[in-house]
Amino acid sequence: MAKDTLTGTAEYRALVAAARHGLGEGTSQVTLGPTLRDAVLAGARFDRLSGLLALAVLDGAVTATDDDLKLLWEQWHDELLLSVRLEALAVRTADVLDAGGVNWRLTKGPALAHLDYPHPAARTFGDIDLLVHPADWSAAVGLLSASGYRREAPTLPGDYDSRYGKGTTLTTAEGLEVDLHRRFAIGRFGVTARMETVFASAASVQLGGRSMPVLDAPGRLLHACFHASLGGFRGLRAFRDVAQLILVTSADWEATFSVARSWKAEAVVASAIRESWDRLELDVEHPAHARATSTTISRGDRRVLQMFAREAPFRSQALSSLRRLPPSEVPRYLWSLGRRKRRQP
Amino acid sequence: MRWRRNPRVLWRTAPGYLAVATVGGHTLEVGGPGGELWLHLAEWITEEELIAALARRYGADEPSVSPDVRSLLEELSGQGYVDRDG
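From first to last, the protein sequence lines are chains H and Z.
When you line the first sequence up against the working numbering, it's residues 42 to 386, in that order.
When you line the second sequence up against the working numbering, it's residues 13 to 98, in that order.
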């Protein structure tokens, strides 16, 4: 059975059970069922929840027929194979960036899989995410382009990308994607971010025989919150990441709030934590959740959060920056956006 | 003879499943006991120890497990996924 959510999209009980599995009290057993099986598996594939769904089945939180299991196992294995292919790509990409002296951090998928989930196979992913230090943005894009990575979207005219942009997606010849992040979001909560802050410290994971620098736990939580609140697809897995970092990793969430406040983005973190508890139906008391629910979200912030939640067009999201930019910078920003619009077909 | 994982290999295991990749992007999927075998290769282990461990795990006798284990090790070694010592 599907359940309506705050944003109006249907969520299937089996996916909710998978996304919350291992967090808090267990719920009554859910059956995958023949009627919804295809939709649930498609949802799990799209949201990279197959690993968590498989673990929920193995632990008995979700029941399934042998036929259903065969399909789920095949899907999980496909995602695991993609995960190791992407990690190999991450290592090759790291070698290119290091050779060029670029300061970068691995974030999201493989970082969370190895550092925050008890079993890396639980957290699958469909691309590689790298955050580049703002001072090295142009160098990073240039190095990877020269190494054969293809930029899907055209370079925007002027300096919109480097000054205000979120980043770009690069594709390899084999069709794998690297999301290169300049910041965590565009718009109201992105332009005030001082990304240098999250480069002040680092964690690491060993991949392919080398150390990969990773955002520290508060930084990973911050990125997870930005993705959950402002990402293009705000599926259950995004909220599981937030809850996982708080409840299992015990990330220093106060440090996350502190950085977010300095970026005028406290509402992003508060909203992500609140919605994680709601959508995952968590009944766990935690000071991070108490802090999130007691945080006052201004009308302006709420309006922008809702706009991102309904996936408003790029231009609307970008224009939400205007009230946060210094007045002297507004004409330049509008000029960049206007030039971008004219390039579109 | 001793065996261990090549530390440069990327990998995932699930029940009855192993996926490995080289940094260069070559991949291999192994079903059955491949994942279990891989977990024993975290440190150098002799072939005899490995066969004994897998025989215990699957409730089988060592002579019946041995050919499959040796064959899989040879395949993994041939493609650079495991290191051989001796």
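We treat Cβ as the ideally placed atom computed from N, Cα and C, and that holds for glycine.
This structure is a prediction, so every number in the text was calculated from the model and none was measured.
Fill in: Chain-order list of residues whose beta-carbon lies under 7 Å from that of residue 129 of chain H (same chain, five-residue window excluded)
249
Discussion item. Helix, strand or coil, according to DSSP, for residue 226 of chain H in the structure here?
Written reply: coil
Fill in: Buried or exposed (CB count within 10 angstroms, at least 16 for buried), residue 376 of chain H
exposed
Worksheet item: Whose C-alpha, out of H:306, H:222, H:63, is nearest the C-alpha of residue 148 of chain H?
Response: H:222
Discussion item. Tell me which residues share the same chain as residue 383 of chain H and place their Cβ nearer than 6 Å to its Cβ, disregarding the 5 neighbours each side in the sequence.
Written reply: The predicted position of residue 383 of chain H is uncertain, since its pLDDT is 46 and thus under 50; no value can be drawn from it.
Item to complete: Would you verify that the beta carbon of residue 177 of chain Z is, or is not, closer than 8 Å to some beta carbon of chain H?
Response: No answer is possible for residue 177 of chain Z: the residues shown for chain Z start at 13 and end at 98.
Discussion item. Please report the straight-line C-alpha distance between residue 113 of chain H and residue 259 of chain H, rounded to a whole angstrom.
Written reply: 33 Å
Discussion item. Need the endpoints of the alpha helix (DSSP H) that residue 94 of chain H sits in, please.
Written reply: 91-99
Item to complete: Measure from the C-beta of residue 57 of chain H to each C-beta in chain Z and report whether the shortest distance is under 8 Å.
Response: no
Worksheet item: Tell me which same chain residues have a C-beta within less than 7 Å of the C-beta of residue 121 of chain H, skipping the five on either side of it?
Response: 162, 165
Worksheet item: Taking Cβ positions only, does residue 118 of chain H come closer than 8 Å to chain Z?
Response: yes
Discussion item. Short of 7 Å Cβ to Cβ, which residues in the region 68-89 of chain H face chain Z?
Written reply: none
Practice prompt. Find the nearest neighbour of residue 83 of chain H within the set H:116, H:211, H:63, H:98, judged by alpha-carbon distance.
Written response: H:116
Worksheet entry | Contact check, residue 59 of chain Z vs residue 15 of chain Z, beta carbons under 8 Å | yes
Item to complete: Classify residue 219 of chain H as helix, strand or coil using the three-state DSSP reduction.
Response: strand
Fill in: Collapsed DSSP secondary structure at residue 297 of chain H in the structure displayed
helix
Worksheet entry | Helix, strand or coil at residue 214 of chain H according to DSSP, with G and I counted as helix | coil
Worksheet item: Can you tell me the Cα-Cα spacing of residue 146 of chain H and residue 153 of chain H, whole angstroms?
Response: 12 Å
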